[in-house]
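Residue numbers (this note's numbering), protein chains in the order written: chain A, 206 to 471; chain B, 1435 to 1732. The structure appears below as structure tokens.
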């Protein structure tokens, strides 16, 4: 089917409009980061780099940033280990309840985040677990497992078993075979899973808001609090711009990983 | 340099490996123990405790839940007090509107990407749609707060026309910002779905005399439908559970706000009972979506 030239032009213009809609808010924020005014009135009143130095010297932001990194690393590590173990079990063994595993791991992201959040926080309260970084990591890992699981199981399906059999025939024990054959085969799947899990954790606020408790702040939690305190808005603008710029990183890395994965499996 | 292992003295790892090799059930147990404890005991266990809390009584003075004292009070409250019904209706309506808006905005650009744009431009567009997806959720909400608030960008554009913007108090703000937030989740599955349609089918349709519009309606749309439904799972579910966007851009309560407010300050049983609502809605939605074949497009 060939679209008429009129339809093609209309589609192109419409698509351009959608892109403007997607990027306009991000551009507006980028402009505000350099605005000397303390309010968000439009248009900005001038140009300053003052808020950048203030943001960099703010101990709360720095602490929240480290908490986000720690939570992301912790949740990613747990998710990769649990997701890989579950994927290996489902892919390599026949057992009762095998089909339900993929259903259970997908549940935390299929249900609205508020449900996961309230379920975990209710349980922590009922059982008597103190809120903090550990409870944040538990929450994040729970919905990140599915990412590692899906990535690894998709890779295991495509990986031929013959190199593993050859390794065993040549006398390697199963740990050596896993370390030298299976693990390198899953490398890019694990990398892209880790990237996505970390990014999700770093950005998460819906569940975190339930599981963090009053004493621990991640970057999204800091933003959530700070945007409701008018005198902190200029610093929020700076943090927001930095986060927007940082989001280029995972897109670039994901591209690189998928290129490498394509080169390996093709 | 490592000395070569002598075959007469196998290492502990090798002995363990040999031992495990003969016992696949033990191997399976070792693999599944961690995921089982985490996902079933911790996660499903939490959902079970949440469910129990919905049926537990509260101390009349402190509001503390008294475990294993059974009552249906929480359900009575959410079914009889009007505000809970109003909020449920509002949340579901906005979630449906957001989904329809994202289909209306997402389908044409996905169609352009998949079937009109040159391969080079297509790659650029995929990246251009992906980037906002990775940008921070809260940053995007905050950007809209800046744009919509009094004296913000919207007001400064509308002021010369003598019109006032919606500000940060209208439900329309939630509709706009939620549509913005989840739009990429709609574009990407539709794009993938449209790209999978073989050209031969479209050629066959036109060879059989169908004009563009008819081919679109009779061939493209039915084949793209599962992808649209797949995208709608994201837009609907994410809108249904969001409580931060409504609070920050429209000062209205959604289902999530009732759950959050009650779980932190109010009545835990009400939070627990009310959270069954999005669970039930999503289960029904997913069952319907599965009938449309949407799961293959996820």
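Don't be surprised by glycine CBs; every beta carbon is placed ideally from N, CA and C.
- Note that the C-beta distance between residue 1678/B and residue 441/A is not below 8 Å.
- As the crow flies, the alpha-carbon of residue 296/A is around 41 Å from that of residue 1692/B.
- Apart from sequence neighbours up to five positions away, the residues of its chain that approach residue 1505/B with a beta-carbon distance below 6 Å are 1491, ordered along the chain.
- When 1594/B, 1694/B, 1674/B are compared, the shortest CA-CA separation from residue 1713/B is found for 1674/B.
- Taking 8 Å as the cut-off between beta carbons, the residues of the region 1490 to 1503 of chain B near chain A are 1499, 1501, in sequence order.
- Inclusion of residue 416/A and residue 341/A in the CB contact set at 8 Å is warranted, their separation being smaller than that value.
- Apart from sequence neighbours up to five positions away, the residues of its chain that approach residue 344/A with a beta-carbon distance below 6 Å are 325, 412, 416, ordered along the chain.
- If only uninterrupted alpha helix (DSSP H) runs of at least 4 residues are considered, those enclosed by the region 1627 to 1684 of chain B are 1633 to 1641, 1646 to 1649, 1655 to 1675.
- Counting only Cβ-Cβ distances below 7 Å, residue 1685/B has no contacts in chain A at all, with the closest Cβ about 12 Å away.
- Taking every protein chain shown into account, the CB of residue 376/A has fewer than 16 other CB atoms within 10 angstroms, so this residue is exposed.
- Contact annotation: in the region 1534 to 1560 of chain B, residues whose CB is within less than 7 Å of a CB in chain A are 1539, 1542, 1543, 1545, 1546, 1550.
- Within 10 angstroms of the beta-carbon of residue 1478/B lie fewer than 16 other beta-carbons, which makes it exposed.
- Between the beta-carbon of residue 1705/B and that of residue 323/A there is about 6 Å, and that keeps the pair under the 8 Å contact cut.
- For the pair residue 259/A and residue 1464/B, the Cα-to-Cα distance works out to about 51 Å.
- Annotation for residue 1491/B: the continuous beta strand (DSSP E) segment containing it runs 1490 to 1492.
- Under the rule that a run must span 3 or more residues, the beta strand (DSSP E) segments found entirely inside the region 1499 to 1529 of chain B read 1499 to 1504.
- For secondary structure counted as the alpha helix (DSSP H) over 4 or more consecutive residues, the region 229 to 299 of chain A holds these complete runs in sequence order: 255 to 261, 264 to 297.
- Linking residue 208/A to residue 1521/B through their CA atoms gives a straight-line distance of about 44 Å.
- The C-alpha of residue 431/A lies about 15 Å from the C-alpha of residue 238/A.
- Your pair residue 1547/B and residue 1559/B checks out as a contact, with CB atoms roughly 5 Å apart and the cut at 8 Å.
- Distances from the alpha-carbon of residue 1495/B to those of 1721/B, 1701/B, 1643/B put 1701/B closest.
- Counting only runs of at least 4 residues, the region 296 to 376 of chain A fully encloses the following alpha helix (DSSP H) elements, listed from N- to C-terminal order: 303 to 315, 318 to 332, 338 to 363, 367 to 374.
- If you check the CB distance, residue 1683/B and residue 1588/B do not come in under 8 Å.
- Counting only Cβ-Cβ distances below 7 Å, residue 1477/B has contacts in chain A at 313, 347, in chain order.
- At a beta-carbon threshold of 9 Å, the residues of chain A lying near residue 1590/B are 246, 247, 248, ordered along the chain.
- Annotated three-state conformation of residue 1456/B is coil, per DSSP.
- Neighbourhood of residue 331/A in chain B, by CB distance below 8 Å: 1483, 1487, 1499, 1501, in chain order.
- The beta carbon of residue 1667/B sits closer than 8 Å to those of 1719, 1720, 1723, 1728, 1732, all from its chain and outside the five residues before and after it, given in chain order.
- Close to residue 1474/B, with beta-carbon spacing below 8 Å, are these residues of chain A in chain order: 309.
- Against residue 388/A, chain B offers no close residue; the least beta-carbon distance is about 15 Å (beta-carbon pairs closer than 8 Å).
- When CB distances to chain A are screened at a threshold of 8 Å, the residues of the region 1559 to 1583 of chain B falling below it are 1559, 1561, 1562, 1563, 1564, 1565, 1566, 1568, 1569, 1570, 1571, 1572, 1573, 1574, 1576, 1577, 1578, 1579, 1580, 1581, 1583, in chain order.
- Secondary structure within the region 1552 to 1599 of chain B: the alpha helix (DSSP H) runs of 4 or more consecutive residues, fully enclosed, are 1553 to 1568, 1571 to 1582, 1587 to 1592 (chain order).
- If you ignore the 5 residues before and after residue 1730/B, its C-beta comes within less than 7 Å of the C-beta of 1660, all in its own chain and listed in chain order.
- With distances taken between CA atoms, residue 353/A lies nearest to 288/A out of 313/A, 347/A, 288/A, 392/A.
- Ranked by Cα distance from residue 391/A, the options 414/A, 356/A, 380/A are led by 356/A.
- The region 242 to 257 of chain A makes contact with the region 438 to 455 of chain A, as at least three CB pairs between them are under 8 Å.
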